[in-house]
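>
Quick look at the structure:
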């Protein structure tokens, strides 16, 4: 079956521009997570959604970052007024739910480069 | 704050050598433990996981890990590595009832043929 799908796979943009990254989770998975993988910082949690509950935004690094999940499926991560330190690989993962015994399945990521 | 530490940043081994990658976490409550692997050019994949029960867990491709609660450790082992094990390995935890993964910094493993 299809895994977690992310688009675009690569994105190059100029500093100050806004970007949108998309994640399509595995069908039937109610939990969706965003992480960031960057040199020097490793893998960092950003935000997660579980069903209709309020998202856990505790990992978002600044108010320039936001995410939404429409219809309980596809999610979009938006970064406004991008800065060079936003350059990283943005990973999306999904799981059946947030229960402790549900492993997270990762997409291939979006490599974001800010010039 | 809760954290995960992986002691080795880069490990270089010859084929057939034994492997042990260290992982320690800092959290006094219930944790769920994971090892993920990222092969070159591929996405993160789950190697193995521990939730409860037998502290020695076996995963895919001959990997195993042992949870030692008193040491807050979850070290990954493989008796004999292969060139195809070349990858980056991440230890991670979720707290209590699950949710977000807290990752270690990763260990890059290079296996020489």
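Protein chains in written order, with this note's numbering: chain S, 1 to 115; chain L, 1001 to 1113.
Just so you know, even glycine gets a beta-carbon here, dropped at the ideal spot from N, CA and C.
Note that the structure is predicted; figures quoted are calculated from it, not measured.
Looking at the unbroken beta strand (DSSP E) that takes in residue 1004/L, where does it start and where does it end?
First-last of the beta strand (DSSP E) with residue 1004/L: 1003-1005.
> Can you check whether the C-beta of residue 1094/L is within less than 9 Å of a C-beta belonging to chain S?
Yes, residue 1094/L lies at the interface with chain S (some Cβ there is under 9 Å from its Cβ).
> Are the segment 92-107 of chain S and the segment 36-47 of chain S touching, with three or more C-beta to C-beta distances below 8 Å?
Touching, no, given that fewer than three Cβ pairs across the two stretches are closer than 8 Å.
> Select from the segment 1097-1113 of chain L all residues with a C-beta closer than 9 Å to any C-beta belonging to chain S, and list them in chain order.
For the segment 1097-1113 of chain L, which is checked against every Cβ of chain S, the residues closer than 9 Å are 1097, 1098, 1099, 1100, 1101, 1102, 1103, 1104, 1105 and 1106.
> Look up residue 1072/L in the DSSP assignment and give the residues it is bridged to.
DSSP output for residue 1072/L lists no bridge partner at all.
> Considering only their Cβ atoms, is the gap separating residue 1064/L from residue 1078/L smaller than 9 Å?
Contact flag set, yes.
> Is the Cβ of residue 1082/L closer than 9 Å to any Cβ of chain S?
No, its Cβ sits nowhere closer than 9 Å to a Cβ of chain S.
> Given this structure, state the Cα-to-Cα distance separating residue 1033/L from residue 1071/L, to the nearest angstrom.
Their backbone Cα atoms lie some 14 Å apart in a straight line.
> Hey, would you say residue 1011/L sits closer than 9 Å to residue 1107/L, going by beta carbons?
Cβ atoms of residue 1011/L and residue 1107/L: closer than 9 Å.
> Could you give the C-beta distance for residue 18/S and residue 81/S, rounded to a whole number, given that I count them as a contact under 8 Å?
The Cβ separation is near 7 Å, so the contact holds.
> Could you check whether residue 37/S and residue 109/S sit closer than 9 Å to each other, using their CB atoms as the reference points?
In contact: residue 109/S and residue 37/S (Cβ atoms closer than 9 Å).
> Just curious, the beta strand (DSSP E) that residue 1057/L is in, first and last residue?
Start and end: 1056-1058.
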